[in-house]
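K.L.:
The structure's right below; bear with me while I get my questions together.
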Amino acid sequence: MIFERRLLTRDRGAGILEKFWQIPWSFVLLLCGVAAIGYVALLSAGGGNPDTYAQKHAIRFGFGLVLMLGIAMVDIRVIARFAWLGYLGGIALLVLVLLHGNIGKGAQRWIDIGPIQLQPSELMKIMLVLALASWFHRASWERVGNPLFLIPPAIAVLVPVGLILKQPNLGTALITGMVGAAVFWAAGMRWWKFAIGFAAIGVAAPIAYERLHDYQRARITTFLDPESDPLGAGYNIIQSKIALGSGGLWGKGFLQGTQGHLNFLPEKQTDFIFTMIAEEFGLVGALTTLAALLLVVAFCYLVAFRSKHQFGRLLAIGLGTNYFLYVFVNVAMVTGSIPVGGVPLPLISHGGSAMITVMLGFGLLLSAYVHRDAEMGPMRE
Amino acid sequence: MNWRPWGKSGLGRERTVRKEEERRRGIFTRRAAVLGVIQLGAFGFLGSRLYRLQVEEGARYATLAEENRVSARLFAPPRGRVLDRNGKVVAGNRLNWRALLVAEQTADVAATLETFSKIVPLGDHEKARIEREVRRNRRFVPVILREFLSWEEMARIEVNAPDLPGIAVDMGTTRIYPETEHLAHVVGYVAAAAENDVGDDPLLQLPGIRVGRAGIERFHDRVLRGRAGAVQVEVNAVGRVIRELDRREGIPGQDVQISVDAELQKAVRGKIEEGTTAVLLDARNGEVLAMATKPSFDPNIFNSGVSAAQWRQWTAARTTPLINKATNGLYAPGSTFKMVVALAALDAKVCRPGDIVNCPGHLDFGNNRFHCHNRNGHGGMNMRSAIMASCDVYFYEMARRVGIDRIAAMANKFGLGVDLDVELPGTRRGLVPTRAWRQAQGKPWSIGDTIVHGIGQGFYQLTPLSLAVMTARLASGRAVQPHLTRAIGGRPVRGSRLEDWPSLGIPDNDLRLIREAMWGVINGGGTAGIARLPAQYGQMAGKTGTTQVRRVTREQRERGFNVNAVPREWRPHALFVAYAPHDNPLFALSVVVEHGMAGGATAGPIARDIMVEAFQRLGPQRPGQRVAEATR
Numbered sequence: 001m002i003f004e005r006r007l008l009t010r011d012r013g014a015g016i017l018e019k020f021w022q023i024p025w026s027f028v029l030l031l032c033g034v035a036a037i038g039y040v041a042l043l044s045a046g047g048g049n050p051d052t053y054a055q056k057h058a059i060r061f062g063f064g065l066v067l068m069l070g071i072a073m074v075d076i077r078v079i080a081r082f083a084w085l086g087y088l089g090g091i092a093l094l095v096l097v098l099l100h101g102n103i104g105k106g107a108q109r110w111i112d113i114g115p116i117q118l119q120p121s122e123l124m125k126i127m128l129v130l131a132l133a134s135w136f137h138r139a140s141w142e143r144v145g146n147p148l149f150l151i152p153p154a155i156a157v158l159v160p161v162g163l164i165l166k167q168p169n170l171g172t173a174l175i176t177g178m179v180g181a182a183v184f185w186a187a188g189m190r191w192w193k194f195a196i197g198f199a200a201i202g203v204a205a206p207i208a209y210e211r212l213h214d215y216q217r218a219r220i221t222t223f224l225d226p227e228s229d230p231l232g233a234g235y236n237i238i239q240s241k242i243a244l245g246s247g248g249l250w251g252k253g254f255l256q257g258t259q260g261h262l263n264f265l266p267e268k269q270t271d272f273i274f275t276m277i278a279e280e281f282g283l284v285g286a287l288t289t290l291a292a293l294l295l296v297v298a299f300c301y302l303v304a305f306r307s308k309h310q311f312g313r314l315l316a317i318g319l320g321t322n323y324f325l326y327v328f329v330n331v332a333m334v335t336g337s338i339p340v341g342g343v344p345l346p347l348i349s350h351g352g353s354a355m356i357t358v359m360l361g362f363g364l365l366l367s368a369y370v371h372r373d374a375e376m377g378p379m380r381e
Numbered sequence: 001m002n003w004r005p006w007g008k009s010g011l012g013r014e015r016t017v018r019k020e021e022e023r024r025r026g027i028f029t030r031r032a033a034v035l036g037v038i039q040l041g042a043f044g045f046l047g048s049r050l051y052r053l054q055v056e057e058g059a060r061y062a063t064l065a066e067e068n069r070v071s072a073r074l075f076a077p078p079r080g081r082v083l084d085r086n087g088k089v090v091a092g093n094r095l096n097w098r099a100l101l102v103a104e105q106t107a108d109v110a111a112t113l114e115t116f117s118k119i120v121p122l123g124d125h126e127k128a129r130i131e132r133e134v135r136r137n138r139r140f141v142p143v144i145l146r147e148f149l150s151w152e153e154m155a156r157i158e159v160n161a162p163d164l165p166g167i168a169v170d171m172g173t174t175r176i177y178p179e180t181e182h183l184a185h186v187v188g189y190v191a192a193a194a195e196n197d198v199g200d201d202p203l204l205q206l207p208g209i210r211v212g213r214a215g216i217e218r219f220h221d222r223v224l225r226g227r228a229g230a231v232q233v234e235v236n237a238v239g240r241v242i243r244e245l246d247r248r249e250g251i252p253g254q255d256v257q258i259s260v261d262a263e264l265q266k267a268v269r270g271k272i273e274e275g276t277t278a279v280l281l282d283a284r285n286g287e288v289l290a291m292a293t294k295p296s297f298d299p300n301i302f303n304s305g306v307s308a309a310q311w312r313q314w315t316a317a318r319t320t321p322l323i324n325k326a327t328n329g330l331y332a333p334g335s336t337f338k339m340v341v342a343l344a345a346l347d348a349k350v351c352r353p354g355d356i357v358n359c360p361g362h363l364d365f366g367n368n369r370f371h372c373h374n375r376n377g378h379g380g381m382n383m384r385s386a387i388m389a390s391c392d393v394y395f396y397e398m399a400r401r402v403g404i405d406r407i408a409a410m411a412n413k414f415g416l417g418v419d420l421d422v423e424l425p426g427t428r429r430g431l432v433p434t435r436a437w438r439q440a441q442g443k444p445w446s447i448g449d450t451i452v453h454g455i456g457q458g459f460y461q462l463t464p465l466s467l468a469v470m471t472a473r474l475a476s477g478r479a480v481q482p483h484l485t486r487a488i489g490g491r492p493v494r495g496s497r498l499e500d501w502p503s504l505g506i507p508d509n510d511l512r513l514i515r516e517a518m519w520g521v522i523n524g525g526g527t528a529g530i531a532r533l534p535a536q537y538g539q540m541a542g543k544t545g546t547t548q549v550r551r552v553t554r555e556q557r558e559r560g561f562n563v564n565a566v567p568r569e570w571r572p573h574a575l576f577v578a579y580a581p582h583d584n585p586l587f588a589l590s591v592v593v594e595h596g597m598a599g600g601a602t603a604g605p606i607a608r609d610i611m612v613e614a615f616q617r618l619g620p621q622r623p624g625q626r627v628a629e630a631t632r
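These protein sequence lines map, in sequence, to chains A and B.
Heads up: the first sequence runs through residues 1 to 381, numbered per the UniProt record's numbering.
Heads up: the second sequence runs through residues 1 to 632, numbered per the UniProt record's numbering.
Structure representation (structure tokens):
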């Protein structure tokens with residue numbers, strides 16, 4: 001491993017209480033605000049009845065909050081030390097879900113662990129960021145320039161991407177790849193290598209496509225061109241646009257959205273929750289929500305810039321990009337800008353897996369913030 | 001991994017490291033800034049996209065809306081019907097013309113209502129209801145102004161349509177029950193959805209939607225209701241549909257076929273008086289063939305709303321017409337319970353079938369004397385003769401030997417005092433007492449209690465349905481469950497063959513002995529010779545029961561107690577359980593006659609007549625619809 005044992009025993013002086021006050025409470029408040037937006041939207045999705053979705057959302061968020069604050073107290077060096085262990089655990093879960101997972105919407109995505117439904121692909125993204133940050137955090141500019149040094153982390157990205165593709169969940173696989181790429185980029189990988197990498201994917205994709213089974217190809221065609229399946233994904237997008245457009249500037253008012261409440265809008269409590277907000281609260285409500293989400297991402301950048309160690313910087317950038325991609329892909333999907341399906345809007349949409357993993361990620365982020373001045377060991381060639 | 005450390009000499013190394021670190025940090029900052037700008041740009045893109053959809057294109061919609069608008073409407077699929085075992089409709093749909101108001105399509109709800117009430121008069125009560133519903137519902141949800149419109153009223157509304165913005169006449173359906181009060185307790189009824197029913201199912205927000213409130217209508221409500229369809233239409237400012245943009249068909253409610261034979265049910269009800277309940281099961285699979293109780297009610301009344309006076313009359317009546325006494329009436333089983341005690345005794349091996357117990361007319365235990373219904377005593381009794389003569393002393397003795405808990409365990413095996421799987425919501429479990437149950441009440445259980453419970457008196461509270469189940473299980477030796485659903489949407493629901501039900505695990509010899517005794521009750525000189533079937537239907541096996549409603553005190557007994565002299569509501573209930581034909585049971589029956597005096601004399605003939613009806617309609621010699629063939 002990259003770390004030496006002595007690092008763990010140094011700089012442990014800060015007491016728990018002191019660390020607790022170090023937590024940026026304005027950010028915690030911001031998260032509560034975002035979750036509150038989700039609560040209102042889910043209240044509406046449930047027809048005004050909190051028992052349908054909203055109550056569960058609040059309980060999950062409360063649980064996530066405790067988890068986040070707990071992780072924030074953990075020393076960043078301990079986290080860095082166990083990063084690869086977490087990564088291997090994530091891979092193991094992905095393999096497990098392929099072997100024993102429950103099938104949802106034609107893909108194996110969930111494992112039931114007691115009462116919790118876990119979507120390992122969500123967890124994997126965070127574990128991947130951790131692992132990559134730990135790989136790059138002591139590497140100098142020269143070292144990152146060495147192609148051989150880039151091969152292990154590239155494999156570390158490709159293995160989970162492959163496993164998620166196999167579920168099959170093309171959307172999450174792409175997002176996972178992009179999160180990995182963001183960390184590579186921030187770590188200083190040469191831009192021309194990026195260009196080569198994307199070119200290689202561009203060449204490889206059609207060849208891989210040729211080798212797929214017919215049914216697999218059909219799935220990808222629908223993914224790329226939902227209009228070819230007007231009763232499936234295409235229908236959803238069209239309905240979502242009607243709902244959004246009819247919301248106007250100020251919206252139709254709480255519980256007054258016709259599209260959502262007459263069930264024209266599919267999955268209004270999960271993937272299309274943003275449409276629900278935009279229909280009932282208009283452009284004003286939609287932009288307010290978007291602004292709050294932007295602030296969450298911006299905070300990740302703040303943590304990155306204030307961190308004295310590369311590990312914290314890379315971790316914050318990776319996690320920020322992860323949350324950004326959730327928001328972007330989801331909102332772009334419901335506005336009919338990109339043809340993707342099955343990406344939730346964490347902290348707002350209904351569903352526990354994304355909420356808990358995102359809160360876990362924010363816990364790591366807060367730990368990076370609280371321990372931003374920690375000594376992480378010298379740089380290596 | 002063994003990386004070479006960065007330089008060898010301490011000071012030089014540190015300086016180089018700091019320089020490298022700053023360089024790396026600078027690169028990170030630049031790259032993160034690039035990433036940040038891209039992400040900020042993406043947010044900007046989303047914002048502009050929203051602006052285009054919601055404001056630019058939204059404005060276009062707003063201009064259009066002056067003349068036309070897009071509106072989404074739900075429509076209710078027809079509710080599934082309930083059919084009897086021969087496919088006869090016992091709950092169907094009838095057309096119903098209604099006037100509806102969509103609040104968002106009129107500028108002034110109050111003025112529109114005022115105009116409307118000049119055409120179709122509305123009472124103050126109705127107006128208050130309408131205003132309440134307009135407030136409660138979302139503005140695009142139609143509210144019913146008036147149902148069951150006549151042709152003339154419809155014509156007047158249509159002619160005045162320009163003055164009535166937001167008001168439309170539409171064709172709905174209403175529920176109709178052709179069998180009126182005959183099947184009310186089984187089929188149940190529907191009524192308007194209450195506020196707290198309106199959950200996630202958008203269908204329940206529709207005006208005039210009815211939900212099942214009792215019986216099959218309630219149990220299979222989701223199946224019968226179906227799923228709402230929806231249509232997007234372009235409408236003009238007064239709510240007239242210009243064209244249909246998109247349509248999603250709902251899923252029509254599915255028909256539910258039940259096992260009851262409506263004609264047989266009617267015939268059975270013809271054989272019984274007020275206060276009597278009869279339950280007829282298919283002895284081989286537990287299908288309910290008839291479940292009759294008097295008095296009953298007309299479920300059609302619930303459709304248009306029950307008046308307060310009618311409701312008071314129903315609920316205040318001592319005869320409880322709204323309550324299905326087959327599933328909710330609770331009675332002590334009396335002597336019909338003796339088979340259970342006998343089987344418990346055999347199971348516990350506390351006696352052999354041939355063991356003789358002498359009956360002197362009473363049993364003394366401690367300071368108490370327990371009387372037999374035969375004051376003079378039956379003399380020496382074995383198990384078979386004790387059941388045939390319904391000797392109380394024999395069963396006092398058996399109960400004393402077995403103990404209450406083993407009796408209760410055997411009773412539970414026969415479906416007494418346990419939850420049954422019947423599709424009638426609210427069916428009561430009843431009560432079979434145990435020592436633990438009594439102790440939970442803080443009272444001790446005495447041997448004297450056990451003795452009384454040996455003849456089915458005491459704390460027992462059993463439904464007529466559970467007694468019929470007990471009889472079917474005695475006849476079949478299997479744990480048949482009573483059930484009503486034969487098919488949903490034309491597909492049979494569950495295997496209804498005898499082999500589908502697990503064995504009760506009671507030795508054949510024991511069951512054979514009990515069955516022979518029950519045969520003897522009717523055909524061998526027992527207590528119910530009067531209930532013998534006409535020869536062409538074969539022979540019936542059964543058991544009588546008479547249960548005290550009030551305790552008879554010693555003084556009354558000594559003064560010469562005459563049951564005929566007491567007020568009606570103090571008289572004992574008469575019970576009868578039977579199955580037939582005794583050698584190949586098809587039907588299992590229980591009859592409870594409230595205050596019917598004596599089981600054999602009162603309930604016996606009713607049971608016989610019902611059995612004859614069953615054979616005539618569903619017996620093996622009737623082709624086509626007979627039970628034997630209908631079994632899947």
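Using N, Cα and C, we set each Cβ at its ideal position, and we do this for glycine too.
This structure is a prediction, so every number in the text was calculated from the model and none was measured.
Relative to the C-alpha of B:V357, which candidate in B:K325, B:K294, B:C391 and B:D246 has its C-alpha closest?
P.N.:
B:C391
K.L.:
For A:K241, which residues in chain B fall below 7 Å Cβ to Cβ?
P.N.:
L53
K.L.:
Using the beta-carbon of each residue, which ones in chain B are nearer than 9 Å to A:G247?
P.N.:
L53, Q54 and G58
K.L.:
By the 10 Å Cβ neighbour count, where 16 or more other Cβ atoms means buried, how is B:V159 classified, buried or exposed?
P.N.:
exposed
K.L.:
Check whether the segment 350–364 of chain B touches the segment 468–488 of chain B, counting contact only when three or more Cβ pairs, one atom from each stretch, lie closer than 8 Å.
P.N.:
no
K.L.:
Would a check of beta-carbon distances place B:Q39 closer than 8 Å to chain A?
P.N.:
For B:Q39, the answer is yes, since a Cβ of chain A falls inside 8 Å of its Cβ.
K.L.:
Which term fits B:W3, buried or exposed, when burial requires 16 or more other beta carbons within 10 angstroms of its beta carbon?
P.N.:
Below a pLDDT of 50, predicted positions are generally treated as unreliable, and B:W3, at 46, falls in that range; no measurement from the model is reported.
K.L.:
Nearest by alpha-carbon distance to B:F365: which of B:I447, B:D84, B:G454 and B:V141 is it?
P.N.:
B:I447
K.L.:
Answer with yes or no whether the minimum CB distance from B:L206 to chain A is below 8 Å.
P.N.:
no
K.L.:
Whole angstroms are fine: how far does the CA of A:L130 sit from the CA of A:P160?
P.N.:
Near 14 Å, if we compare the C-alpha coordinates of A:L130 and A:P160.
K.L.:
Which residue comes first and which comes last in the beta strand (DSSP E) that contains B:T463?
P.N.:
B:T463 -> no beta strand (DSSP E), and no H or E assigned at all.
K.L.:
B:I258 bridges to which residues according to DSSP?
P.N.:
B:T485
K.L.:
If the cut is a Cβ gap below 7 Å, which residues of chain B does A:R313 touch?
P.N.:
F28
K.L.:
Of the choices B:P333, B:R146 and B:T115, whose alpha-carbon is the least far from that of B:I130?
P.N.:
The residue among B:P333, B:R146 and B:T115 with its C-alpha nearest the C-alpha of B:I130 is B:R146.
K.L.:
So, for B:Q265: in the same chain, excluding its five sequence neighbours on each side, which residues have a beta-carbon less than 7 Å away from its beta-carbon?
P.N.:
H182, L183, A290 and A292
K.L.:
Tell me the rounded alpha-carbon separation between B:K88 and B:E126.
P.N.:
37 Å
K.L.:
When you check each C-beta in the segment 327–343 of chain A against every C-beta of chain B, which residues fall closer than 9 Å?
P.N.:
Residues passing the 9 Å Cβ filter: V327, F328, V331, A332, T335, G336 and S337.
K.L.:
Name, please, each residue of chain A whose Cβ falls closer than 9 Å to the Cβ of B:L50.
P.N.:
Per Cβ cutoff of 9 Å: L244, A278, L283, A286, L287, L290, V331 and T335.
K.L.:
With 16 as the cutoff for other CB atoms within 10 Å, does A:H100 come out buried or exposed?
P.N.:
exposed
K.L.:
Can you name the start and end residues of the beta strand (DSSP E) that B:V592 belongs to?
P.N.:
F587 to V593
K.L.:
Alpha carbon to alpha carbon, how far is B:L64 from A:G247?
P.N.:
Residue placement at B:L64 is poorly supported in this model, since its pLDDT is 44, which falls under 50; the coordinates still yield a value, given next. Rounded to whole angstroms, B:L64 to A:G247 spans 15 Å at the Cα level.
K.L.:
Quick check: what's the CA-CA separation for B:C359 versus B:F459?
P.N.:
C-alpha separation (whole angstroms): 25 Å.
K.L.:
Over the uninterrupted alpha helix (DSSP H) stretch that includes B:T547, give me the two end residues.
P.N.:
B:T547 -> not in any alpha helix (DSSP H); beta strand (DSSP E) instead, spanning A541 to T547.
K.L.:
The alpha helix (DSSP H) spanning A:A286 covers which residue range?
P.N.:
For A:A286, the enclosing alpha helix (DSSP H) stretches over residues I273 to R306.
K.L.:
Take B:M171 and list the residues in its own chain whose beta-carbon comes closer than 7 Å to its own, dropping the five residues that flank it on each side.
P.N.:
L95 and W97
K.L.:
Compute the Euclidean distance between the alpha carbons of B:T434 and B:T180, then round it to the nearest angstrom.
P.N.:
Between B:T434 and B:T180, the C-alpha separation is close to 41 Å.
K.L.:
When you compare only the Cα positions, how much space is there between A:G171 and A:F299?
P.N.:
25 Å
K.L.:
Cβ atoms of A:G318 and A:L132: under 8 Å apart, would you say?
P.N.:
Closer than 8 Å, so yes.
K.L.:
Is the Cβ-Cβ distance between B:T547 and B:G334 less than 8 Å?
P.N.:
In this structure, B:G334 lies closer than 8 Å to B:T547 by Cβ.
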